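*Asks:*
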Amino acid sequence: LKGFGDSLKKTILAVGSFTVALQGISKVSKFASEATKEFAKANSAIVKGTGATGSALAELSNNVRNAMREGVGRSASEVGEMVADLNTRFGATGKGLEKLVDEFDKFSAVTGVDTKQSIESLADVMAKWNIQTEDANKLLDQLTKASQDSGAGVDELLAGLKQGQAVFSQFGMSASDSIAYMASLK
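Numbered per the numbering used here, the sequence shown spans residues 1057 to 1242.
See the structure below:
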């Protein structure tokens, strides 16, 4: 009886270990399936937003993966939308595009401004003020600081920059000067 009990105990431990292993495999499989669906949504957003196919789509998909690997705290589909918007609005590609995704993610988190809207607004402002894509991070930083210091909303500052560009320029003011001036009025 003792031998049977020991044998039964070993069998139960082995089956228990096997069950735990199966549960682990099942969880990994479920996670992989969900991740695959999420990246498929990202690719769909990229195709819809940019019309990219083939190698261009593969490159933009890699930008999504790289941005997420670097710590962008959003779902793959959300990052896919950001990649599409930034690619079409700024013409950004490669590492520059990944950097913009990270900067807009942080900008949105700090300011509470909708990412899609801020991309569109900032692109419009940059076009009006002839600001280059590589200087977008400086503009984002200035807007964030001015908003925090003055209490003015970032969307308010962006609208003022867009609508007041002609007037500010007539007075020889740069976009930075204009942000500071608008913030001082609050």
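Glycine included, every Cβ here is placed at the ideal spot set by N, Cα and C.
Here the structure is a predicted model, which is why all the values come from computation and not from measurement.
With 16 as the cutoff for other CB atoms within 10 Å, does Asp-1166 come out buried or exposed?
*Replies:* Note that residue 1166 corresponds to Val in the displayed sequence, not to Asp. Val-1166 comes out exposed.
*Asks:* Measuring CA to CA, which of Lys-1194, Ile-1102, Thr-1109 and Ala-1222 is closest to Gln-1121?
*Replies:* According to the sequence displayed, residue 1121 carries Arg and not Gln. For the residues Lys-1194, Ile-1102, Thr-1109 and Ala-1222, the minimum Cα distance to Arg-1121 belongs to Ile-1102.
*Asks:* First and last residue of the alpha helix (DSSP H) that includes Gly-1129?
*Replies:* Segment: none, Gly-1129 is in no alpha helix (DSSP H) and carries neither H nor E.
*Asks:* Tell me the residue span of the alpha helix (DSSP H) that contains Glu-1176.
*Replies:* Its alpha helix (DSSP H) spans residues 1171-1185.
*Asks:* Return yes when the Cβ of Leu-1116 is within less than 8 Å of the Cβ of Thr-1253, no when it is not.
*Replies:* Because the chain spans 1057 through 1242 in this model, residue 1253 falls outside it and cannot be assessed.
*Asks:* What first and last residue would you give for the alpha helix (DSSP H) that runs through Thr-1167?
*Replies:* Per DSSP, Thr-1167 belongs to the alpha helix (DSSP H) from 1150-1167.
*Asks:* Would DSSP call Lys-1242 helix, strand or coil?
*Replies:* Lys-1242: coil per DSSP, three-state reduction.
*Asks:* Using 8 Å as the threshold, is the C-beta distance between Ala-1179 and Arg-1145 below it?
*Replies:* For Ala-1179 and Arg-1145, yes; Cβs fall inside 8 Å.
*Asks:* Tell me whether the beta-carbon of Val-1181 lies closer than 8 Å to the beta-carbon of Leu-1153.
*Replies:* Contact flag unset, no.
*Asks:* Checking 8 Å against the spacing of the C-beta atoms, do Asn-1099 and Gly-1150 come in under that value?
*Replies:* No. Outside cutoff.
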